[in-house]
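Sequential numbering of the sequence shown, starting at 6, is according to my numbering. Since the structure comes first, as structure tokens, the remarks are kept for the end.
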Amino acid sequence: MKYVSTRGAAPVLTFEEAMLTGLARDGGLYVPETIPELSADDIRAMSGASYEEIAFKVMRPFVGDTFTDEEFKGCITRAYAGFGHTTRAPLVQLAPNHFLMELFHGPTLAFKDFAMQLIGQMFELALKRSGKRVTIVGATSGDTGSAAIEAFRGLDAVDVFILYPHGRVSEVQRRQMTTPTESNVHAIAMDGDFDDCQARLKDMFNDFEFRDGVGLAGVNSINWARVLAQVVYYFSTAVSLGAPDRKVSFTVPTGNFGDIFAGFIAKQMGLPIERLIIATNQNDILHRCMETAAYTKSGVKPSISPSMDIEVSSNFERALFFAHDQDGTAIKGLMDDLAANGSFTISGNAMGALQQHYDSGMLDEAGTAAMITRALNETGEVLCPHSAIGVAVAENHIGDTPMITLATAHPAKFPDAVEAATGERPSLPPRMADLFEREERVTRAPNDLKALQDIVRERLSS
Ligand SMILES: *Cc1c(COP(=O)(O)O)cnc(C)c1O
6 MKYVSTRGAA PVLTFEEAML TGLARDGGLY VPETIPELSA DDIRAMSGAS
56 YEEIAFKVMR PFVGDTFTDE EFKGCITRAY AGFGHTTRAP LVQLAPNHFL
106 MELFHGPTLA FKDFAMQLIG QMFELALKRS GKRVTIVGAT SGDTGSAAIE
156 AFRGLDAVDV FILYPHGRVS EVQRRQMTTP TESNVHAIAM DGDFDDCQAR
206 LKDMFNDFEF RDGVGLAGVN SINWARVLAQ VVYYFSTAVS LGAPDRKVSF
256 TVPTGNFGDI FAGFIAKQMG LPIERLIIAT NQNDILHRCM ETAAYTKSGV
306 KPSISPSMDI EVSSNFERAL FFAHDQDGTA IKGLMDDLAA NGSFTISGNA
356 MGALQQHYDS GMLDEAGTAA MITRALNETG EVLCPHSAIG VAVAENHIGD
406 TPMITLATAH PAKFPDAVEA ATGERPSLPP RMADLFEREE RVTRAPNDLK
456 ALQDIVRERL SS
């Protein structure tokens with residue numbers, strides 16, 4: 006299996022290389038050259054299998070000869086052993102034809118754990134074999150950073166630096182990043198918003214001297230291995246509702262487009278998915294783009310669903326690549342427009358291709374709070390703000406096909422918003438109950454490439 010860049014001008018890589026690299030050297034994102042398909046019988050055979058068994062079947066063709074079957078099975082088993090639910094991604098029924106897939110039973114209480122725990126295992130195995138060291142730098146709107154730190158803390162061959170927007174993550178998210186005591190963990194509170202963090206991260210990758218000098222590796226959702234790990238729960242859930250003999254649709258609370266793009270890959274692999282519905286908060290650039298074909302930045306407004314406060318939705322580039330028949334030159338043109346003018350316009354053909362798979366909807370702040378209240382009253386389910394946006398948007402798209410909404414985080418990760426809506430403060434699971442007593446360790450940094458690079462170099466040498 007070979008991986009190519011969405012901008013068509015970077016070296017073709019193996020799975021291992023794409024995983025350890027992150028961003029392609031032409032600024033693009035790696036995608037598989039061809040997407041392997043599973044037959045209806047292959048999918049039917051997943052019925053009754055464990056999450057780990059399904060994970061192996063779904064991901065194996067993408068991994069190529071990077072790992073043996075036994076090695077890869079070991080990674081999968083260790084990755085999900087620490088989850089607080091035996092089925093890993095349990096399904097709850099909310100209403101006739103509406104289901105909630107709970108993706109928040111991992112160690113840091115958000116769906117990011119599904120990919121990050123597996124990546125941690127795969128990095129460790131690959132680096133042990135090669136004797137190399139890497140420096141992981143990630144940008145986060147809150148959940149990726151905590152999941153990455155949890156996955157990489159204490160590993161010998163890895164230093165992990167996480168940039169988060171100062172003052173713009175929830176206290177639980179912040180503490181999950183600042184309280185680990187391992188010396189290979191470095192939390193950096195940067196001035197600016199998430200898009201600024203992500204932009205400086207991309208700058209670091211595009212500074213090849215720095216990139217090669219510190220052995221930079223990326224684990225943001227630009228990393229193909231992250232997307233791949235997320236394809237699995239689309240299969241496990243659809244199969245539990247009757248796939249391949251019954252179609253399903255998914256609604257996905259969306260920011261960087263990694264999670265919903267994994268649903269697109271599942272569909273390309275042969276899973277009968279009818280619609281993929283993009284749910285956004287008031288930062289609705291993706292929803293506006295689906296309605297008007299114009300992707301136009303208008304400034305990020307902080308919300309009660311901070312993990313979706315994003316305007317430069319990285320993985321949308323992957324969706325655009327497939328909507329343009331894998332034409333890297335076309336994608337480079339769009340991304341150059343975005344960099345130069347803060348906007349690009351999608352052609353009629355490409356819009357048609359997107360609309361074949363995706364719908365969209367948006368929910369504002371008041372609507373989010375109201376949905377949290379109503380879900381508790383009507384279903385007994387306590388939703389985090391992101392999941393509430395998914396549920397409300399899904400309600401507008403429910404027809405004859407079962408709808409599955411992804412619950413992306415545990416309500417206790419966003420206790421202020423949940424308490425304001427329900428009157429009750431959701432409590433953290435017992436294993437995290439002392440989070441507020443632990444000591445915090447964080448470095449403040451300006452929104453400045455050179456200053457950030459100095460911090461990384463200095464920490465690595467000390
Ligand atoms: C990361 C995140 C999202 C957005 O997921 P993308 O893959 O970036 O679209 C939504 N909800 C929560 C809780 C998240 O942590």
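Note that CB positions come from ideal geometry on N, CA and C, so glycine has one too. Keep in mind it's a predicted model, so treat the numbers as computed, not measured.
Quick check: what's the CA-CA separation for residue i versus residue j?
{"i": "M437", "j": "I394", "result": "26 Å"}
{"i": "L123", "j": "R134", "result": "17 Å"}
{"i": "H362", "j": "E370", "result": "27 Å"}
{"i": "G223", "j": "F210", "result": "9 Å"}
{"i": "C80", "j": "M127", "result": "6 Å"}
{"i": "P416", "j": "M408", "result": "21 Å"}
{"i": "R49", "j": "T384", "result": "31 Å"}
{"i": "G69", "j": "E429", "result": "48 Å"}
{"i": "E424", "j": "R179", "result": "19 Å"}
{"i": "A234", "j": "G268", "result": "11 Å"}
{"i": "A162", "j": "V142", "result": "14 Å"}
{"i": "A414", "j": "A358", "result": "30 Å"}
{"i": "S348", "j": "T145", "result": "23 Å"}
{"i": "E75", "j": "F61", "result": "10 Å"}
{"i": "T350", "j": "A299", "result": "4 Å"}
{"i": "S52", "j": "D405", "result": "22 Å"}
{"i": "N286", "j": "I460", "result": "33 Å"}
{"i": "P4", "j": "F88", "result": "As shown, the chain starts at 6 and ends at 467. That puts residue 4 outside it, with no answer to give."}
{"i": "T373", "j": "T242", "result": "25 Å"}
{"i": "A422", "j": "E129", "result": "37 Å"}
{"i": "E444", "j": "D208", "result": "31 Å"}
{"i": "L160", "j": "N189", "result": "8 Å"}
{"i": "G197", "j": "M340", "result": "22 Å"}
{"i": "F157", "j": "R138", "result": "13 Å"}
{"i": "A355", "j": "F240", "result": "27 Å"}
{"i": "D212", "j": "S175", "result": "31 Å"}
{"i": "K252", "j": "P277", "result": "5 Å"}
{"i": "E22", "j": "F72", "result": "12 Å"}
{"i": "P390", "j": "A380", "result": "11 Å"}
{"i": "A412", "j": "N261", "result": "16 Å"}
{"i": "L132", "j": "M24", "result": "11 Å"}
{"i": "V9", "j": "V387", "result": "41 Å"}
Count the other C-beta atoms from every protein chain shown that fall within 10 angstroms of the C-beta of residue i, then say buried if there are 16 or more, exposed otherwise.
{"i": "S392", "result": "buried"}
{"i": "D289", "result": "buried"}
{"i": "G136", "result": "exposed"}
{"i": "P101", "result": "exposed"}
{"i": "N225", "result": "buried"}
{"i": "F441", "result": "exposed"}
{"i": "T297", "result": "exposed"}
{"i": "G147", "result": "buried"}
{"i": "H292", "result": "buried"}
{"i": "K455", "result": "exposed"}
{"i": "E463", "result": "exposed"}
{"i": "K306", "result": "exposed"}
{"i": "G304", "result": "exposed"}
Which residues in the same chain have their Cβ closer than 7 Å to the Cβ of residue i, if we skip the five residues on either side of it in sequence?
{"i": "L465", "result": "T140, D164, V219"}
{"i": "V398", "result": "T256, I282, A284, G366, L368"}
{"i": "S432", "result": "A417"}
{"i": "E57", "result": "I81, T82, Y85"}
Cutting at 6 Å between CB atoms, please list the residues of its own chain near residue i, excluding the five before and the five after it.
{"i": "G247", "result": "none"}
{"i": "P95", "result": "E107"}
{"i": "R30", "result": "A15"}
{"i": "R192", "result": "Note on identity: in this sequence residue 192 is Ala, with Arg being the wrong assignment. Cβ within range, chain order: I167, M182, T183, V447."}
{"i": "A84", "result": "Q122, L123, Q126"}
{"i": "D264", "result": "Q235, V257"}
{"i": "L28", "result": "F210, G223, I227"}
{"i": "V177", "result": "K418"}
{"i": "L99", "result": "L105, T384"}
{"i": "T410", "result": "L105, T256, G395, V396, A399"}
Going by beta carbon distance, what residues of the same chain come within less than 8 Å of residue i, once the five residues before and after it are set aside?
{"i": "D364", "result": "R280, L281, I282, I283, M295, H402"}
{"i": "G353", "result": "A298"}
{"i": "P41", "result": "M6, P66, F67, M274"}
{"i": "G13", "result": "D31, G33, D332, G333, T334, I336, K337"}
{"i": "V317", "result": "D200, Q203, A204, K302, L343"}
{"i": "H90", "result": "E107, H110"}
{"i": "A450", "result": "L168, I193, A194, M195, D196, A456, L457, I460"}
Item to check | Whole runs of the beta strand (DSSP E) within the segment 332-385, excluding any shorter than 3 residues | outcome: 348-350, 363-367
Checklist entry - In the segment 142-223, which residue ranges form an unbroken alpha helix (DSSP H) of at least 4 residues, counting only runs that do not cross its ends? => result 148-157, 176-183, 199-211, 213-219
Next on the checklist: If we require 4 or more residues per run, which alpha helix (DSSP H) segments fall completely within the segment 259-330?
Outcome noted: 263-273, 290-297, 321-328
Item to check | Completely contained alpha helix (DSSP H) runs for the segment 388-416, where each covers 4 or more residues | outcome: 390-400
Checklist entry - Which ranges would you report for the beta strand (DSSP E) in the segment 61-122 if only whole runs of at least 3 residues count? => result 96-100, 103-107
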